[in-house]
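Only one structure is covered here, and it is reproduced in the block below.
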Amino acid sequence: MDANEDLVEYDEVDPSLVGAGAGELDELEEFGGPYDNNTLVSAHNWQVGQEVEVYSRSKDRWIAATIRKIMTENGQDWIQVYYKNSSQMKDVRADSDDIRRLKAPPPPPLPGSKSHLSGPSTQIAITRQTSDGKSAQTLDFTQILHKVGAISRQVEGGLYLIKRVASVVHRIAAAEQQHVMACKKVLDQEKQKLKDKMMDEMTRCVDAWDSTERYLRGNMDKQEELAKNMEQKISNPMMQFYTDAELKRKAILKDEKKYGVEMNRAKVGVQKNLRNCQKLIKSCLLAKAEQEEKKKGGSIGKKKKFGAGMLKWAKNMMRGSLSELQNQAATAAKNYAASIEFANERQHQYYDKELPLICKQFEMLERSRINALHKYLHMLNEISRAHAEPVMKFIEDHKRLLSEMSPDKDITDFTAHTIRMYGPVPPMEPYTYQLPCTQKDIKAGRFQGNPNSFFYATLEHCMDMQKGKYDLDVPIIVVNLIKAIQDLGGMTVEGIFRLSAKKEDLVRLRAQFDKGDVEVRETSPHVPAGLLKQWLRELAEPLIPTEL
1 MDANEDLVEY DEVDPSLVGA GAGELDELEE FGGPYDNNTL VSAHNWQVGQ
51 EVEVYSRSKD RWIAATIRKI MTENGQDWIQ VYYKNSSQMK DVRADSDDIR
101 RLKAPPPPPL PGSKSHLSGP STQIAITRQT SDGKSAQTLD FTQILHKVGA
151 ISRQVEGGLY LIKRVASVVH RIAAAEQQHV MACKKVLDQE KQKLKDKMMD
201 EMTRCVDAWD STERYLRGNM DKQEELAKNM EQKISNPMMQ FYTDAELKRK
251 AILKDEKKYG VEMNRAKVGV QKNLRNCQKL IKSCLLAKAE QEEKKKGGSI
301 GKKKKFGAGM LKWAKNMMRG SLSELQNQAA TAAKNYAASI EFANERQHQY
351 YDKELPLICK QFEMLERSRI NALHKYLHML NEISRAHAEP VMKFIEDHKR
401 LLSEMSPDKD ITDFTAHTIR MYGPVPPMEP YTYQLPCTQK DIKAGRFQGN
451 PNSFFYATLE HCMDMQKGKY DLDVPIIVVN LIKAIQDLGG MTVEGIFRLS
501 AKKEDLVRLR AQFDKGDVEV RETSPHVPAG LLKQWLRELA EPLIPTEL
């Protein structure tokens, strides 16, 4: 793939780029302070009536304006401008980075050309050519989508490097222009002194000095040309690239944040519905207990009746009858199941579509950034080569380093390093139904679930269930599931306890244990491993108490 294919093409002699200031950068101090006044005026050549752009710090954007007046106060040049879309005017220092030439709109793209900021539809090659001409597999950002924060930081850091390179080139060009002006001033002063007191009659000496002066002036002209080329062909285009790329990066982050908010909203919905179900089931249990107490003919003491009993009576009136509570709990359980289904669907959409798209967009931006850096560093190399032949060794070493730059290699190395640090993309952890009873159980008045089930039970209950059947110190479900994992090769298979089994297999094996059949007849070790995780997660009491 052509290294310059994803780059924005800039006209090398575009007059709108001539003398552009440091306004594209965020901090003035990055350029080492403002220009010398003479240099700025010479570079920009401000004129009354000239159309410019003035930076508004309150609105954080550039606004079109027209120069109305140029003033000098205490040796400092000031420019008075009128905003085009209002009657307001503003005074700006001539050497300020808050004023720049009005940029011409970019030319329309040529047929078949591509922008350096490609859209989401751009395809990214996943193979590269090695030195022997063979194709080699490469890695891309979608393989570390679980670390999108690391990707974002890498892209941000890469763009900051673009900004730093542009700043260095800009400052060097400005210093070179100041140096050239100082040298020409010295030559002019000495030429005038020599002209006023020319006493040398030796023609060869005069010719030698004239030749030397022409050489020095020619060298200064070349230095000035070098500085202008660095500013126009490297610094200004790089800063324009940085500005566009930074806007693109912020837009990608905005989309990623939006998707994250939607994911969190789905998660909160599941948690909220779960708490509502638990609260209603607790109310059902209390109402049922009171109903059974009344059937047994229990009496309420006088003090209790007219004391705390009044508060209890008021609460009962507010929460409704047992049948009403059961209907409310069943509806809440239905809503809870629906929220789980929605959250799982949203999770699939996020990890299968949205997050890979974010990674692809970041990767395209990073590729264009690397290509842009390669292009402008290569251009800097060529300008320096044409200007300074004596430093060919340094230039060749620099060029050899540039020849090793490749978006594929850089992205592959970064991705491989991230995988070594954080591991591959982990599997999704689906939401599961965590109530001990089903909707049918709730409607039937059973709120504790299956009394013969190993799930949602305490360890004591599990041991009571197998008393007299198995002479074991731990629940039989633990022994049989671990034995099945070992017999099916689970101790050596990759991803055990990390990869998820099919939901229907887990439901089937769980129902088998609930029926009293504790023999495991599976073919995949991931099924007993998944059920063992589920049993541990659903224990009514944790294996390790919080006190420990």
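1 is the number of the first residue of the sequence shown in UniProt numbering; add one for each residue after it.
All C-beta atoms, glycine included, are put in the ideal place defined by N, C-alpha and C.
Just so it is clear, the structure is predicted and the values come from calculations on it, not from any experiment.
Assuming residue i contacts residue j (C-beta within less than 8 Å), just tell me the rounded distance between them.
| i | j | result |
| --- | --- | --- |
| V148 | L373 | At roughly 23 Å, the Cβ-Cβ gap does not stay under 8 Å, so V148 and L373 are not in contact. |
| F241 | I172 | Going by Cβ atoms, the distance from F241 to I172 rounds to 19 Å, so no, they are not a contact pair. |
| P542 | G490 | Actually they are not in contact, since the Cβ atoms of P542 and G490 sit about 24 Å apart, beyond 8 Å. |
| L499 | P427 | 6 Å |
| E329 | C277 | Per the sequence shown, the amino acid found at residue 329 is Ala instead of Glu. With a Cβ gap of about 7 Å, A329 and C277 count as contacting. |
| L102 | E53 | 5 Å |
| M89 | R68 | 7 Å |
| Q347 | M263 | 7 Å |
| Y376 | M239 | Contact doesn't hold; Cβ gap of about 11 Å is too wide. |
| A501 | V474 | Actually they do not touch by this definition, with Cβ atoms about 22 Å apart. |
| L322 | A287 | 4 Å |
| residue 551 | L253 | Residue 551 cannot be examined here, being either before or after the span of the chain that is shown, 1 to 548. |
| E256 | I358 | 5 Å |
| Y456 | E354 | Actually they are not in contact, since the Cβ atoms of Y456 and E354 sit about 35 Å apart, beyond 8 Å. |
| L280 | A332 | 5 Å |
| Q439 | K334 | 6 Å |
| A227 | V261 | That belief does not hold up - the Cβ atoms of A227 and V261 are roughly 49 Å apart, past 8 Å. |
Looking at the structure shown, is residue i part of a helix, part of a strand, or coil, going by DSSP?
| i | result |
| --- | --- |
| Y431 | coil |
| I70 | strand |
| M89 | strand |
| E494 | coil |
| I544 | coil |
| E53 | strand |
| D98 | coil |
| A501 | coil |
| D77 | strand |
| R46 | Per the sequence shown, the amino acid found at residue 46 is Trp instead of Arg. Reduced to three states, the DSSP call for W46 is coil. |
| Y336 | helix |
| Y82 | strand |
| A227 | helix |
| A175 | helix |
| R537 | helix |
| residue 572 | Here the chain comprises residues numbered 1 to 548, so residue 572 is not present and cannot be evaluated. |
| V235 | Correcting the residue type first, residue 235 is Ser in the shown sequence and not Val. Of the three classes helix, strand and coil, the one that applies to S235 here is helix, per DSSP. |
| F368 | Reading the sequence as shown, one finds Ser at residue 368 and not Phe. In the structure shown, S368 sits in a helix (DSSP, three-state: H, G or I). |
| S323 | helix |
| Y422 | helix |
| E522 | coil |
| G530 | helix |
| F454 | coil |
| D473 | coil |
| T138 | coil |
Can you name, in chain order, every residue of its own chain whose Cβ lies under 7 Å from the Cβ of residue i, other than the five neighbours on each side?
| i | result |
| --- | --- |
| T418 | I144, K147, A150 |
| A529 | I485, G490, I496, F497 |
| R369 | G158, L159, I162, A245 |
| W46 | I67, I70, I79, A94 |
| F513 | F454, I477 |
| L531 | L481, L506, L509, R510 |
| V81 | V52, V54, A65, T66, I67, R68, M89, K90, V92 |
Would you mind sorting residue i into buried or exposed? The rule is 16 or more other CB atoms within 10 Å of its CB.
| i | result |
| --- | --- |
| I544 | exposed |
| K195 | exposed |
| N229 | buried |
| Q192 | exposed |
| L424 | Position check: residue 424 holds Pro in this sequence, whereas Leu was assumed. P424 is exposed by the Cβ-count criterion. |
| T142 | buried |
| D140 | buried |
| A266 | buried |
| D471 | exposed |
| Y350 | buried |
| A540 | exposed |
| K84 | exposed |
| Q291 | exposed |
| E494 | exposed |
| E522 | buried |
Beta-carbon within less than 6 Å of residue i's beta-carbon, same chain only, minus the 5 sequence neighbours each way: which residues are those?
| i | result |
| --- | --- |
| M71 | W78 |
| V169 | M230, I234, S235 |
| V518 | I476, N480 |
Say the cut is 8 Å; is the CB of residue i nearer than that to a heavy atom of the ligand MG?
| i | result |
| --- | --- |
| R508 | Ligands in the displayed structure: none, and consequently the ligand MG is not present. |
Return the chain-ordered list of same chain residues with a C-beta closer than 8 Å to the C-beta of residue i, the five sequence neighbours on each side being excluded.
| i | result |
| --- | --- |
| L536 | L543 |
| V270 | Y336, S339, I340, A343, Y431 |
| P356 | T142, L145 |
Counting beta carbon pairs with one atom in the segment 248-261 and one in the segment 177-196, are three or more of them shorter than 8 Å? no
Per the contact definition of three or more C-beta pairs closer than 8 Å, is the segment 359-368 in contact with the segment 211-221? Taking a contact to require three or more Cβ pairs closer than 8 Å, the segment 211-221 and the segment 359-368 do not qualify as touching.
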